[in-house]
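One point on numbering: in this note's numbering, the residue at position 58 of the sequence shown is 62, and numbering is uninterrupted.
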Amino acid sequence: MHLVLIIILSIVIGLVVLLCLLFIFAKRWAKKKKNKLEHRSKIASTPKGEIEYIVLGEGEGIPLLIFHGAPGGYDQGFLMKEFVEKGFKIVAFSRPGYLRTPLNGNRDYTKQAELAFSLLEYLQISNCVVVGLSAGGPIALRFVLQFPSRVIALILMSAVTKKYIPKDYQSNSLLGKIYLSNLGGDLFGFLLSLTLNMQPDRVLKSFLKIETTFSSEKINTYIKQISKTSDQMNWFKALVRSTFPLSIRNEGLKNDIKMLSEIEPLPLEKIEKPILVIHSKYDGDVEFSHALNVMERNRHAQLFESQGLGHLVWLGPDRTQMYQKVYTFIEKQTSERP
Numbered sequence: 005m006h007l008v009l010i011i012i013l014s015i016v017i018g019l020v021v022l023l024c025l026l027f028i029f030a031k032r033w034a035k036k037k038k039n040k041l042e043h044r045s046k047i048a049s050t051p052k053g054e055i056e057y058i059v060l061g062e063g064e065g066i067p068l069l070i071f072h073g074a075p076g077g078y079d080q081g082f083l084m085k086e087f088v089e090k091g092f093k094i095v096a097f098s099r100p101g102y103l104r105t106p107l108n109g110n111r112d113y114t115k116q117a118e119l120a121f122s123l124l125e126y127l128q129i130s131n132c133v134v135v136g137l138s139a140g141g142p143i144a145l146r147f148v149l150q151f152p153s154r155v156i157a158l159i160l161m162s163a164v165t166k167k168y169i170p171k172d173y174q175s176n177s178l179l180g181k182i183y184l185s186n187l188g189g190d191l192f193g194f195l196l197s198l199t200l201n202m203q204p205d206r207v208l209k210s211f212l213k214i215e216t217t218f219s220s221e222k223i224n225t226y227i228k229q230i231s232k233t234s235d236q237m238n239w240f241k242a243l244v245r246s247t248f249p250l251s252i253r254n255e256g257l258k259n260d261i262k263m264l265s266e267i268e269p270l271p272l273e274k275i276e277k278p279i280l281v282i283h284s285k286y287d288g289d290v291e292f293s294h295a296l297n298v299m300e301r302n303r304h305a306q307l308f309e310s311q312g313l314g315h316l317v318w319l320g321p322d323r324t325q326m327y328q329k330v331y332t333f334i335e336k337q338t339s340e341r342p
């Protein structure tokens, strides 16, 4: 009996030591990632507060103002590098509570839109194409409603456009609460980063189970296809890396979870700018009804129904067609401007 107790105690102690070591490695990893992120961005001091941003692309390219998803930050602007290669200019910033943009008094999306406007003023950008990604949709819509004279057109990609209630596993479950803690979130990100480097297919599969409504068989088929396409797999890896470390995105994520569930109906019919809605019926995160919400209420909206990987419309068989649709849409709006 004593021997059994000693064995059990040894196992427990070993597990505790292992967990402590993992937390130590995770904190060091998070600090290194944080330093790298800080070296890649700039801080604009505006009348509305400080805002972290990057500008990708040079010359007179049409500016695309990116409202990132959750969790995220300015680094999701790097996911749009294909637009830079086409001559556009990417203006990406960290929304309040993410990375180095303080939340302060900018909790509601009206004030977040005002902060984005102050960034345009700071950068002396007179007008732009607004792009709302996923949870960035409501702020992008707010921006267009509040500052229409600064908007050429609006693009919504897998975007939230009405009240969004996060699933229980995202916030209310024990796992969700651990994930939303700074230490637990960084440990999760550290382990996810290791898995992404060693077994990216496994991470992709776990994402597709959540972000799509596909069957397991269809998910496995897509994983095989994407694994053979380096540009798509590299894009996916960059997306995953733009969600951690969570400790420096946590405040913004918690605020988004609250604000998204309290969104009042937006007066979408008042938007007089061209809108391109890109969404998939197989989106397992933001339902297709969010796309229909815009299409049914705004006469200037047009829909590109993605056949991509659910919420991840940037991946899949019609990826090239989707990008071409966006390029054509932007070029049409700019060529028709007086």
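Glycine included, every Cβ here is placed at the ideal spot set by N, Cα and C.
Cβ-based burial, residue i [other Cβ within 10 Å; buried from 16]
i	result
Glu-118	buried
Gln-116	buried
Thr-216	buried
Gln-236	buried
Ser-251	buried
Asn-39	exposed
Gln-80	buried
Ile-169	exposed
Lys-36	exposed
Lys-343	In the structure as shown, the chain begins at 5 and stops at 342. Residue 343 is therefore absent and cannot be evaluated.
Ser-49	exposed
Lys-166	buried
Glu-56	buried
Ser-246	buried
His-72	buried
Pro-67	buried
Pro-249	buried
Lys-93	buried
Asn-110	buried
Gly-91	exposed
Residue i - partner residues in DSSP beta bridges
i	result
Ala-305	Ile-279
Met-161	Leu-137, Ile-282
Pro-67	Lys-93
Lys-209	Bridge partners of Lys-209: none, in fact.
Thr-50	Gly-53
Leu-313	Leu-316
Residue i, DSSP secondary structure in three states
i	result
Ser-122	helix
Val-59	strand
Thr-216	strand
Thr-338	helix
Asp-4	Residue 4 lies beyond the range of the chain shown here (5 to 342); nothing can be said about it.
Ile-129	coil
Ile-346	In the structure as shown, the chain begins at 5 and stops at 342. Residue 346 is therefore absent and cannot be evaluated.
Lys-38	helix
Asn-110	coil
Thr-105	coil
Tyr-183	With a pLDDT of only 45 at Tyr-183, under 50, the local geometry of the prediction cannot be trusted, and the value read off the model is given with reservation. DSSP places Tyr-183 in helix when its eight states are reduced to three.
Ile-245	A small fix is needed here, since residue 245 is Arg in this sequence, not Ile. Here Arg-245 sits in helix by DSSP.
Gly-188	helix
Gln-203	coil
Ser-197	helix
His-294	helix
Pro-321	coil
Glu-221	helix
Ser-267	This sequence places Ile at residue 267; Ser is not what is there. It is coil, neither helix nor strand.
Lys-232	coil
Ser-251	helix
Lys-166	coil
Pro-75	coil
Phe-82	helix
Pro-142	helix
Glu-300	coil
Phe-151	coil
Arg-99	coil
The ligand NAD heavy atom lying under 7 Å from the CB of residue i
i	result
Phe-308	Inclusion of the ligand NAD in the displayed structure is not the case, the ligand content being empty and no account of it being possible.
- Query: Is the number of C-beta pairs between the stretch 74–88 and the stretch 146–156 that are closer than 8 Å three or more?
  - Reply: no
- Three CB pairs or more closer than 8 Å across the stretch 254–264 and the stretch 90–108: yes
- At least 3 beta-carbon pairs within less than 8 Å: the stretch 287–303 vs the stretch 185–204: no
- Query: Is the stretch 262–281 in contact with the stretch 157–165, if contact means three or more CB pairs nearer than 8 Å?
  - Reply: Per the Cβ contact rule, the stretch 262–281 is in contact with the stretch 157–165 (3 or more Cβ pairs under 8 Å).
- Message: Is it the case that the stretch 319–326 contacts the stretch 217–224, given that we only count it when at least three CB pairs across the two stretches are under 8 Å?
- Response: When C-beta atoms of the stretch 217–224 are compared with those of the stretch 319–326, fewer than three pairs fall below 8 Å, so the two segments do not count as touching.
- Between the stretch 233–247 and the stretch 314–323, do at least 3 Cβ pairs fall closer than 8 Å? The count of Cβ pairs closer than 8 Å, one atom from the stretch 233–247 and one from the stretch 314–323, reaches three, so the stretches are in contact.
- Okay, do the stretch 131–145 and the stretch 50–65 touch, 3+ Cβ pairs below 8 Å being the bar? no
- Stretch-stretch touch, CB-based, cutoff 8 Å, three pairs: the stretch 268–278 with the stretch 120–132: Too few Cβ pairs lie closer than 8 Å, so no.
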